[in-house]
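**Q**
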Amino acid sequence: MTKIYSHPKSLRGVTTHYCPGCGHGMAHKLIAEVVDELGIREKIIGVAPVGCAVIAYDYWDFDCSEAAHGRALAVATGIKRVRPQNIVFTYQGDGDLAAIGTAETIHAANRGENITVIFMNNAIYGMTGGQMAPTTIAGQKTATTPQGRDVRTSGYPLKISEMLAVLEPVKYIERVGLSSPSNIIKAKKAIKQAFQNQIDGVGFSLVELLSPCPTYWGMSPAEALKWIDEVMTKEFPLGRIK
Amino acid sequence: MNKILISGNEAIGEAAVQAGCGFYAGYPITPQNELTAYMAKRITETGGIFIQSESEISAINMVFGASAAGERAMTSSSSPGISLKQEGISYLAGAQLPAVIVNIMRGGPGLGNIAPAQSDYFQATKGGGHGDYRLIVLAPYSVQEAFDLTTLAFDLADIYRMPVMILGDGIIGQMMEPLEAKSKKRKVKNVEKPWALTGCKGRKPNIARSFYMKEGDLEKFNLGLQGKYKKIEGKETRWEEKYVDDARIILVAYGTMARIAEEAVKQLRKDKIKAGLIRPITLWPFPVEAFRPAKRARYLVTEMSYGQMVEDVRLAVNGKAKVEFLGRSGGGIPTQEQIINKVKDIV
Ligand SMILES: Cc1ncc(C[n+]2csc(CCOP(=O)(O)OP(=O)(O)O)c2C)c(N)n1
Ligand code: SF4
Numbered sequence: 052m053t054k055i056y057s058h059p060k061s062l063r064g065v066t067t068h069y070c071p072g073c074g075h076g077m078a079h080k081l082i083a084e085v086v087d088e089l090g091i092r093e094k095i096i097g098v099a100p101v102g103c104a105v106i107a108y109d110y111w112d113f114d115c116s117e118a119a120h121g122r123a124l125a126v127a128t129g130i131k132r133v134r135p136q137n138i139v140f141t142y143q144g145d146g147d148l149a150a151i152g153t154a155e156t157i158h159a160a161n162r163g164e165n166i167t168v169i170f171m172n173n174a175i176y177g178m179t180g181g182q183m184a185p186t187t188i189a190g191q192k193t194a195t196t197p198q199g200r201d202v203r204t205s206g207y208p209l210k211i212s213e214m215l216a217v218l219e220p221v222k223y224i225e226r227v228g229l230s231s232p233s234n235i236i237k238a239k240k241a242i243k244q245a246f247q248n249q250i251d252g253v254g255f256s257l258v259e260l261l262s263p264c265p266t267y268w269g270m271s272p273a274e275a276l277k278w279i280d281e282v283m284t285k286e287f288p289l290g291r292i293k
Numbered sequence: 019m020n021k022i023l024i025s026g027n028e029a030i031g032e033a034a035v036q037a038g039c040g041f042y043a044g045y046p047i048t049p050q051n052e053l054t055a056y057m058a059k060r061i062t063e064t065g066g067i068f069i070q071s072e073s074e075i076s077a078i079n080m081v082f083g084a085s086a087a088g089e090r091a092m093t094s095s096s097s098p099g100i101s102l103k104q105e106g107i108s109y110l111a112g113a114q115l116p117a118v119i120v121n122i123m124r125g126g127p128g129l130g131n132i133a134p135a136q137s138d139y140f141q142a143t144k145g146g147g148h149g150d151y152r153l154i155v156l157a158p159y160s161v162q163e164a165f166d167l168t169t170l171a172f173d174l175a176d177i178y179r180m181p182v183m184i185l186g187d188g189i190i191g192q193m194m195e196p197l198e199a200k201s202k203k204r205k206v207k208n209v210e211k212p213w214a215l216t217g218c219k220g221r222k223p224n225i226a227r228s229f230y231m232k233e234g235d236l237e238k239f240n241l242g243l244q245g246k247y248k249k250i251e252g253k254e255t256r257w258e259e260k261y262v263d264d265a266r267i268i269l270v271a272y273g274t275m276a277r278i279a280e281e282a283v284k285q286l287r288k289d290k291i292k293a294g295l296i297r298p299i300t301l302w303p304f305p306v307e308a309f310r311p312a313k314r315a316r317y318l319v320t321e322m323s324y325g326q327m328v329e330d331v332r333l334a335v336n337g338k339a340k341v342e343f344l345g346r347s348g349g350g351i352p353t354q355e356q357i358i359n360k361v362k363d364i365v
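Below is the structure:
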């Protein structure tokens, strides 16, 4: 019998703390599969965020660092500059990467750090209880926008990928959705491309994953996937941005 | 041995390079800019890495990453910038990562001014960032000592796996003095770093972390940290004392202030007043030993702040002697004359 699928070596065989239907678990697995397929488990150094995925290093089975909220790309810069031979990536939510860490994000990208960024956009702050994120959709109800996000007072959803794409040293940006099997296959391809770029010394690469947070969207896991396709992708169109 | 004329800021940079510092990140702020510029030139000459970061917050977190990856790493700043670094300093302490942080103090609070001051003593020695942690804090009083203590700082940081701060002021940073820049080939203490993030080839994965969710785990970790700090208090306390044996009044001062106090002591001795000097070199751990009862006298603590170290002196004498205070800040520096007058009032 030929084995066509097995548990990725880079993923520990433990139960995660994520809610049912959450996108973090899927994203972790895709990264682990890509790391295995590229054969870089013994070279990789991950930087975990502050957010629901704060203990991602309890799930991945390779070297990892923590970072203060938003500072992942500064930490990753330190690691990568010291160890250019290693493969370094950050894993960050929208609050982490696009709110408190905006400066670190823009400047690491603009320095052209040869780092891979996995950007989990679930349009909300999960860990702290469902508050508005910079990426919250106009009209979306959250704990801090009980009437729905009013763009006149809270601004518009921040399109960080498009913003970064204008920077000269940014080499690759793709937005994918964790909403259907075919989209998940595309997501894995994009993640693999972003890591391959680093291996090839291409430069700063970022994959934005539109990811469900059924808990704080107040939806069932199935409804959340539909909401990504029907609402989120209107604001954040899928595909290669750069 | 050859002596060179160099500023305190540059001496710190030279010491760092000779101590094997391979990574520096910083953001410009007066009065420590000469150090950033020195590192930009020297560390790259020696194959190290220099980054001018977008902020102090970024710089300290780059240092976090570089240190986690096993490199000797340093950042420097001055008061308002050090406030921004506090988040990262707390994380370094929590993840038990070595790093050297230089604070060349200026006036505060707020933007303050660029004149020398010593008003970040509390922030350096009592915390500043969140959580139960300590920094080893070294206070140079000359260009030579700025060099020597920086070298020591890298070793202590590695040995104890914790951030170490060099606390100077604008005068220490910017004045020029002859420096004996030791041997060109100083033997770098090679501390093994099996915990470093290097990729998990041939071993279990390493994790640089300070987050402990399971009940009891953080308390256990923190008790470990406290044990380490106790050990440091026992082993790493440093100070200098002059004319204390027969002194009726002992001046206590650190950094630039100690130089002025020392001149005052010499003058007082000429005036037949038995004065002495205690100069703490480690501000944490504080040299409580130096205030042992046999040396009991009156103390006059003088600072370029409105009374911060004086609280540690009071704790050290524990009510067994009188402790007086003379301080100025915001660019004002207690003069030799002011000190002498104060002493004459007291005795
Ligand atoms: C300096 C700081 N500010 C605030 C917090 C609290 N906090 C933890 S996670 C988080 C938001 C995380 O949101 P996101 O990055 O979108 O990740 P998610 O939880 O949605 O996966 C916040 C505000 C913190 N830990 N540190
Ligand atoms: S709160 Fe949202 S992001 Fe966090 S684990 Fe639950 S579903 Fe996932």
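Quick mapping for you: the protein sequence lines, in order, are chains F and C. Residue numbering for the first sequence is 52 to 293, as defined by the working numbering. Residue numbering for the second sequence is 19 to 365, as defined by the working numbering. Beta carbons are placed, not taken as given, at the ideal position from N, Cα and C, and that holds for glycine.
Output needed for residue 247 of chain C: all residues of its chain with C-beta closer than 7 Å, excluding positions within five of it in sequence on either side, in chain order.
**A** The sequence position of residue 247 of chain C within the second sequence is 229, counting from 1. Excluding positions up to five away in sequence, the list reads 152.
**Q** For a test of your reading of the model: does the CB of residue 133 of chain C fall under 7 Å from any non-hydrogen atom of ligand 1? Yes or no.
**A** If you number the second sequence from 1, residue 133 of chain C lands on position 115. Checking the Cβ of residue 133 of chain C against ligand 1 gives no.
**Q** Taking 7 Å as the cut-off, does the CB of residue 173 of chain F come closer than this to any heavy atom belonging to ligand 1?
**A** Numbered from 1 along the first sequence, position 122 holds the residue referred to as residue 173 of chain F. Result yes, Cβ under 7 Å from ligand 1.
**Q** Looking at residue 103 of chain F and ligand 1, is the gap between the Cβ and the nearest heavy atom below 7 Å?
**A** Indexing the first sequence from 1 puts residue 103 of chain F at position 52. Yes.
**Q** May I ask you to verify whether the region 145-158 of chain F touches the region 168-175 of chain F, counting CB pairs closer than 8 Å and requiring at least 3?
**A** The region 145-158 of chain F vs the region 168-175 of chain F: in contact.
**Q** Mind listing the chain F neighbours of residue 227 of chain C? Cutoff is C-beta to C-beta under 9 Å, in chain order.
**A** Taking the first residue of the second sequence as position 1, residue 227 of chain C is located at position 209. Correct list: 99, 106, 108, 115, 116, 117.
**Q** Excluding the 5 residues preceding and the 5 following residue 282 of chain F in the sequence, name in chain order all residues of the same chain whose CB lies nearer than 7 Å to its CB.
**A** Stepping through the first sequence from its first residue, residue 282 of chain F is reached at position 231. The answer, listed in chain order, is 188.
**Q** Compute every distance between the C-beta of residue 79 of chain F and the non-hydrogen atoms of ligand 2, then say whether any falls below 7 Å.
**A** Taking the first sequence and counting its residues from 1, one reaches residue 79 of chain F at position 28. No; taking the cut-off as 7 Å, the Cβ of residue 79 of chain F has no heavy atom of ligand 2 nearer than that.
**Q** Tell me the DSSP bridge mates of residue 114 of chain F?
**A** Walking along the first sequence from the start, residue 114 of chain F turns up at place 63. Paired residues: F:96.
**Q** Tell me where the beta strand (DSSP E) around residue 173 of chain F begins and ends.
**A** On the first sequence, residue 173 of chain F is found 122 positions in, with the first residue counted as 1. Element bounds for residue 173 of chain F: n/a, residue is neither H nor E.
**Q** Please report the Cβ distance between residue 300 of chain C and residue 256 of chain C, rounded to the nearest whole angstrom; I am assuming they are in contact, meaning their Cβ atoms lie under 8 Å.
**A** Here residue 300 of chain C corresponds to residue number 282 of the second sequence, with the count starting at 1. Here residue 256 of chain C corresponds to residue number 238 of the second sequence, with the count starting at 1. Sure, about 5 Å apart at Cβ, within 8 Å.
**Q** Only counting runs of 3 or more residues, tell me where the beta strand (DSSP E) segments fall wholly within the region 189-224 of chain C, in order along the chain.
**A** Listed in chain order, they are 194-197.
**Q** I need the DSSP call for residue 229 of chain C, collapsed to helix, strand or coil.
**A** Within the second sequence, numbered from 1, the residue matching residue 229 of chain C stands at position 211. Of the three classes helix, strand and coil, the one that applies to residue 229 of chain C here is coil, per DSSP.
**Q** If we require 4 or more residues per run, which alpha helix (DSSP H) segments fall completely within the region 144-185 of chain C?
**A** With a minimum length of 4 residues, the continuous alpha helix (DSSP H) runs that stay inside the region 144-185 of chain C are 161-178.
**Q** Note down, in chain order, every chain F residue with its Cβ under 8 Å from the Cβ of residue 74 of chain C.
**A** Walking along the second sequence from the start, residue 74 of chain C turns up at place 56. Simply none; closest approach about 11 Å.
**Q** Any heavy atom of ligand 1 closer than 7 Å to the CB of residue 176 of chain F?
**A** For this step, residue 176 of chain F is matched to residue 125 along the first sequence. Checking every heavy atom of ligand 1 against the Cβ of residue 176 of chain F, one is found closer than 7 Å.
**Q** Comparing the C-beta of residue 120 of chain C with each C-beta of chain F, is any distance below 8 Å?
**A** The residue you call residue 120 of chain C lines up with position 102 of the second sequence. Output row for residue 120 of chain C: interface = no.
**Q** Threshold first: 3 residues or longer. Then list the beta strand (DSSP E) segments lying entirely within the region 226-304 of chain C, N to C.
**A** With a minimum length of 3 residues, the continuous beta strand (DSSP E) runs that stay inside the region 226-304 of chain C are 257-260, 267-270, 293-298, 300-302.
**Q** With the cut-off set at 8 Å, would you say residue 217 of chain C and residue 95 of chain F are in Cβ contact?
**A** Looking up residue 217 of chain C in the second sequence gives position 199. Looking up residue 95 of chain F in the first sequence gives position 44. Contact flag set, yes.
**Q** Out of C:119, C:136, C:149, which one is the CA nearest neighbour of residue 182 of chain C?
**A** Translated into positions along the second sequence, residue 182 of chain C becomes position 164. Cα-wise, what sits closest to residue 182 of chain C is C:119.
**Q** Specify, as a first and last residue, the run of the alpha helix (DSSP H) that residue 202 of chain F falls within.
**A** Start at 1 with the first residue of the first sequence, and residue 202 of chain F comes out as number 151. Residue 202 of chain F -> alpha helix (DSSP H) spans 202-205.
**Q** Examine ligand 3 and report whether any of its heavy atoms sits within less than 7 Å of the Cβ of residue 58 of chain F.
**A** This structure lacks ligand 3; the ligands present are ligand 1 and ligand 2.
**Q** Name the DSSP beta bridge partners of residue 343 of chain C, please?
**A** In the second sequence, residue 343 of chain C corresponds to position 325, counting from 1. DSSP lists C:319 as partners of residue 343 of chain C.
**Q** Using the beta-carbon count (16 or more within 10 Å), is residue 251 of chain F buried or exposed?
**A** What you label residue 251 of chain F is simply residue 200 of the first sequence in a count that begins at 1. Exposed.
**Q** Could you tell me which residues DSSP puts in a beta bridge with residue 40 of chain C?
**A** Translated into the one-based positions of the second sequence, residue 40 of chain C becomes position 22. For residue 40 of chain C, which the question treats as bridged, DSSP gives no partner whatsoever.
**Q** Can you list, in chain order, the residues of its chain with a C-beta nearer than 7 Å to that of residue 222 of chain F? Leave out the 5 residues immediately preceding and following it.
**A** As a working note, residue 222 of chain F is residue 171 in the first sequence. Around residue 222 of chain F: 248, 253, 254, 255, 256.
**Q** Work out the CA separation of residue 76 of chain F and residue 65 of chain F for me, nearest whole Å.
**A** Translated into the one-based positions of the first sequence, residue 65 of chain F becomes position 14. Translated into the one-based positions of the first sequence, residue 76 of chain F becomes position 25. About 11 Å.
**Q** For residue 311 of chain F, list the residues DSSP reports as bridge partners.
**A** Because chain F in this structure spans residues 52 to 293, residue 311 of chain F falls outside the shown range and cannot be described.
**Q** Starting from residue 82 of chain C, find everything on chain F with Cβ-Cβ shorter than 7 Å and list it in chain order.
**A** On the second sequence, residue 82 of chain C is found 64 positions in, with the first residue counted as 1. Per Cβ cutoff of 7 Å: 126, 129.
**Q** Just to make sure I have the definition right: I need the residues of chain F whose C-beta is within less than 7 Å of the C-beta of residue 109 of chain C. Which are they?
**A** Reading the second sequence from its first residue, position 91 is the one you call residue 109 of chain C. Those are 119, listed as they occur along chain F.
**Q** Report yes or no: is there a C-beta of chain F within less than 8 Å of the C-beta of residue 172 of chain C?
**A** Sequence index remark: in the second sequence, residue 172 of chain C carries index 154 (1-based). False, the Cβ-Cβ gap to chain F never drops below 8 Å.
**Q** Return yes when the C-beta of residue 151 of chain F is under 7 Å from any heavy atom of ligand 1, and no when it is not.
**A** Reading the first sequence from its first residue, position 100 is the one you call residue 151 of chain F. Answer for residue 151 of chain F: yes, Cβ within range of ligand 1.
**Q** Kindly identify the DSSP beta-bridge partner or partners of residue 131 of chain C.
**A** Taking the second sequence and counting its residues from 1, the one referred to as residue 131 of chain C is at position 113. Its beta-bridge partners are C:125.
**Q** Count the other C-beta atoms from every protein chain shown that fall within 10 angstroms of the C-beta of residue 114 of chain F, then say buried if there are 16 or more, exposed otherwise.
**A** Within the first sequence, the letter at position 63 stands for residue 114 of chain F. Classification for residue 114 of chain F: buried.
**Q** So with CB distances below 7 Å, who are the chain F contacts of residue 215 of chain C?
**A** The residue you call residue 215 of chain C lines up with position 197 of the second sequence. Here the neighbours are 96, 114, 116, 130.
**Q** Could you spell out the range, first to last residue, of the alpha helix (DSSP H) harbouring residue 70 of chain C?
**A** Reading the second sequence from its first residue, position 52 is the one you call residue 70 of chain C. First-last for residue 70 of chain C: 67-70, but that is the beta strand (DSSP E), not the alpha helix (DSSP H).
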